[in-house]
Amino acid sequence: MSDTEYNIIAIFAGQKYVVPLPSSNDATLLDLMKSVEAVIHISFDKQRIIHKGRSLTDPDALISSFGLTSGSKVMVLGSVDKLDPDEAEKLVKAKDISEAVDSQLSDLLSKLHILSQGDSSCSEVTVHVKSTIDIMERCMRTLELLDSVRLPYNCESERACRKKLVDTLQVGFENFSYFEYALMFDDIF
Numbered sequence: 001m002s003d004t005e006y007n008i009i010a011i012f013a014g015q016k017y018v019v020p021l022p023s024s025n026d027a028t029l030l031d032l033m034k035s036v037e038a039v040i041h042i043s044f045d046k047q048r049i050i051h052k053g054r055s056l057t058d059p060d061a062l063i064s065s066f067g068l069t070s071g072s073k074v075m076v077l078g079s080v081d082k083l084d085p086d087e088a089e090k091l092v093k094a095k096d097i098s099e100a101v102d103s104q105l106s107d108l109l110s111k112l113h114i115l116s117q118g119d120s121s122c123s124e125v126t127v128h129v130k131s132t133i134d135i136m137e138r139c140m141r142t143l144e145l146l147d148s149v150r151l152p153y154n155c156e157s158e159r160a161c162r163k164k165l166v167d168t169l170q171v172g173f174e175n176f177s178y179f180e181y182a183l184m185f186d187d188i189f
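For the sequence shown, the UniProt record's numbering begins at 1 and goes up steadily by one.
Shown next as structure tokens:
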């Protein structure tokens, strides 16, 4: 083997991660576990690595003794200890969208009050129905985004933030559903 890096494909929580590993003949399972820790953020002492149905347990054993070569797939079991920056970014994005949805909800409420006061044309109502449907779809996409966020067990504040965002979006979704019904069936207040 040459002294270049080669990659092991680690599968964790249904996602594939490329884990770089030095290709020297003396690379051990512990080296692989430390590389997995760097990529997936699972402490090496809390990992369980499985290859071809076998649990790899001896950290001092050479990875070549397990039949691992470049491109080999392993399954990783364990719990994430650190918050992944990408996951934190998803929470921030969802929070921004939630605030925008709240703003759009109050705007729509004021427009509905105006529509309820006077005669409104069919095209005007149609525009509001379409914008309501667009906002509802945005709420659903944001809920799906929040559902995809993987949080470590020890991130209580992030979990509370996600729960609050989900609750806010669900309330907004219910309100938009009511507004859509009111607009479509001319049942404005």
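Glycine residues also receive a C-beta, built at the ideal position from the N, C-alpha and C atoms. Keep in mind it's a predicted model, so treat the numbers as computed, not measured.
In this structure, the CA atom of GLY53 is about 47 Å from the CA atom of ASP134.
The distance from the Cβ of PRO152 to that of ASP96 is about 23 Å, inconsistent with a contact at the 8 Å cut-off. Following the DSSP letters along the chain, one finds ALA38 in no beta strand (DSSP E) but inside the alpha helix (DSSP H) bounded by residues 29 to 40. When the Cα atoms are used, LEU30 and GLN104 turn out to be separated by approximately 52 Å. Under the three-state reduction of DSSP output, ASN175 falls in the helix class. Between the alpha carbons of GLU174 and TYR17 lies a distance of about 38 Å. For LYS52, the three-state secondary structure derived from DSSP is coil. Residue burial annotation: GLY14 is exposed, with fewer than 16 other C-beta atoms found within 10 angstroms of its C-beta.
The beta carbons of ILE11 and LEU32 sit no closer together than 8 Å. Exclusion of the five residues before and after LEU108 leaves HIS128, SER131, THR132, ILE135, PHE176 and PHE179 as the residues of its chain whose Cβ lies within less than 8 Å of its Cβ.
Taking a C-beta distance under 8 Å as the contact criterion, ILE49 and VAL92 do not qualify as a contact pair.
Nearest neighbour of LEU146 by Cα position, chosen from THR168, THR126 and VAL125, turns out to be THR168.
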